[in-house]
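Chains as they are written, first to last, in this note's numbering: chain A, 183 to 458; chain B, 5 to 120.
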């Protein structure tokens, strides 16, 4: 396994944009190197935010880290992207079972078993959850109410618009035009939550940026970057009625900040489309 | 107008794509010195730059990022760049679309250090 990790790491280093991160992250996870696996998973998600398998890897690593709430969000995202993803149904089934909701667990595990009838381990799991009944004698329970899943996702993750992006909870902040926080969060250098304080002035700042561009005949503004001694921030409007702030440590190349913000804006737009 | 800033602003406006540069008092948005191409409205530029800098500084302060040392407003047809200097002064440049932003940023940061 160590050799596999070395070989995969070398491949990943040679071509960070390849999909080898999926195999490397999984190998690290299986090896119990969860910090490294998480880093690889997040790096892959940053490049491939719409790849279901990238979210699936992230969810598996989170589950091993016992961060079940965020793992649920990640698998929920997988199922939005690919409703018949076996790994996500298995993962959510496990999480429901772990949370003491066997009927909801059975629903997802049965669906996974139908998608992969050859998986004997899965078959055993379904039968165990079904109280020992033979799998195909077990009626498919009703799907968990969608509203419950939405509510759960909203409860467990303040950063839902940015699930899968690095800094989803402390470096990315989305607000409405009134300066009310919609998602994400922001932490100051001392770790204190400064989301609400920043949110209150973020929308006004982007309005000012828009006004300046218009009055100075520079066309439509696209983004505003603030470069601080320790932190850099990029502001933009993902939609006409929302504002986003993306922050990065000043040590990162300045050019990366706007890419990071653009990726976050794309995720915010997708999220807004879903929730509106 | 302060003639002391003229050589600095002229050096900046010699860079490709720069439409104008000025030194502005951030507190009230008044022009301290300017070197502008025709068509650029100095007082509007000073007022907008000062106002935007004030907003951005407040946001940065609330977020715990500290005082920004450089601001870059990117728009479809050009950019507004601001480098806060010591005291109340800010160095402001307005540029067109095709400008060497990296070089311009470095020059403005260097020049802002020399402003007093």
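Ideal placement from N, C-alpha and C gives every residue a C-beta, glycine not left out.
For clarity, every value in this text was computed on a predicted model and none was experimentally measured.
Nearest C-alpha to residue 399 (chain A) among B:38, B:31 and B:78: B:78. Judged by DSSP secondary structure, residue 25 (chain B) falls within the beta strand (DSSP E) whose first and last residues are 22-29.
In this structure, the beta-carbon distance from residue 13 (chain B) to residue 26 (chain B) falls below 8 Å. Following the DSSP letters along the chain, one finds residue 91 (chain B) in no beta strand (DSSP E), marked with neither H nor E. Note: residue 271 (chain A) is not bridge-paired with any residue in the DSSP secondary-structure output. Under the Cβ distance rule, residue 400 (chain A) counts among the residues neighbouring chain B, one pair being separated by less than 8 Å. When 9 Å is used as the limit between beta carbons, residue 98 (chain B) is near these residues of chain A: 398 and 400, in chain order. Using beta-carbon distances, residue 294 (chain A) does not count as an interface residue toward chain B, since no partner is under 8 Å.
When Cβ pairs closer than 8 Å are counted between the two stretches, the region 92-105 of chain B is seen not to touch the region 420-427 of chain A, the count staying below three. Annotation for residue 405 (chain A): no alpha helix (DSSP H) segment contains it, though the beta strand (DSSP E) segment containing it runs 403-409.
Contact of residue 391 (chain A) with chain B by beta-carbon distance below 7 Å involves 56 and 77. Taking each of B:80, B:66 and B:86 in turn and checking the Cα distance to residue 73 (chain B), the smallest one comes out for B:86. Taking C-alpha positions only, residue 346 (chain A) is separated from residue 390 (chain A) by approximately 31 Å.
DSSP places residue 413 (chain A) within a strand segment (E or B) once states are collapsed to three.
No Cβ-Cβ contact shorter than 8 Å links residue 68 (chain B) with residue 357 (chain A). Per the coordinates, the alpha-carbon of residue 258 (chain A) lies some 7 Å from the alpha-carbon of residue 270 (chain A). By the criterion of a C-beta distance shorter than 8 Å, residue 198 (chain A) is surrounded in its chain by 225 and 229, once the five residues flanking it on both sides are discounted. Between the alpha carbons of residue 266 (chain A) and residue 297 (chain A) lies a distance of about 7 Å. Under the Cβ criterion of 8 Å, residue 72 (chain B) is counted among the residues facing chain A. Here DSSP, grouped into helix, strand and coil, assigns residue 239 (chain A) to helix. When the beta-carbon positions are compared, residue 236 (chain A) and residue 244 (chain A) stay at least 8 Å from each other. Listed by position along chain A, the residues whose Cβ is nearer than 7 Å to that of residue 80 (chain B) are 401, 402 and 404.
Contact annotation for residue 39 (chain B) against chain A: no contact, minimum CB-CB distance about 16 Å [criterion: below 9 Å]. At a cut-off of 8 Å between beta-carbon atoms, residue 421 (chain A) makes no contact with chain B.
Annotated three-state conformation of residue 215 (chain A) is coil, per DSSP.
Chain-ordered, the chain B residues with CB closer than 7 Å to the CB of residue 370 (chain A) read 67 and 68.
Close to residue 83 (chain B), with beta-carbon spacing below 8 Å, are these residues of chain A in chain order: 400.
Apart from the 5 residues on each side of it in sequence, residue 415 (chain A) sits with its Cβ closer than 6 Å to the Cβ of 408, 427 and 429 in its chain, given in chain order. Annotation for residue 76 (chain B): the continuous beta strand (DSSP E) segment containing it runs 74-79. At a Cβ-Cβ threshold of 8 Å, residue 63 (chain B) and residue 387 (chain A) count as neighbours. In the displayed model, residue 18 (chain B) falls within coil according to three-state DSSP, outside both helix and strand. Interface criterion not met: the Cβ of residue 366 (chain A) is under 8 Å from no Cβ in chain B. Put simply, of B:45, B:51, B:90 and B:101 the residue whose alpha carbon is nearest the alpha carbon of residue 113 (chain B) is B:90. The bridge partners DSSP lists for residue 61 (chain B) come to none. Close partners of residue 383 (chain A) in chain B (Cβ separation under 8 Å): 59, 62, 63 and 66. With a threshold of 8 Å between beta carbons, residue 444 (chain A) makes no contact with chain B.
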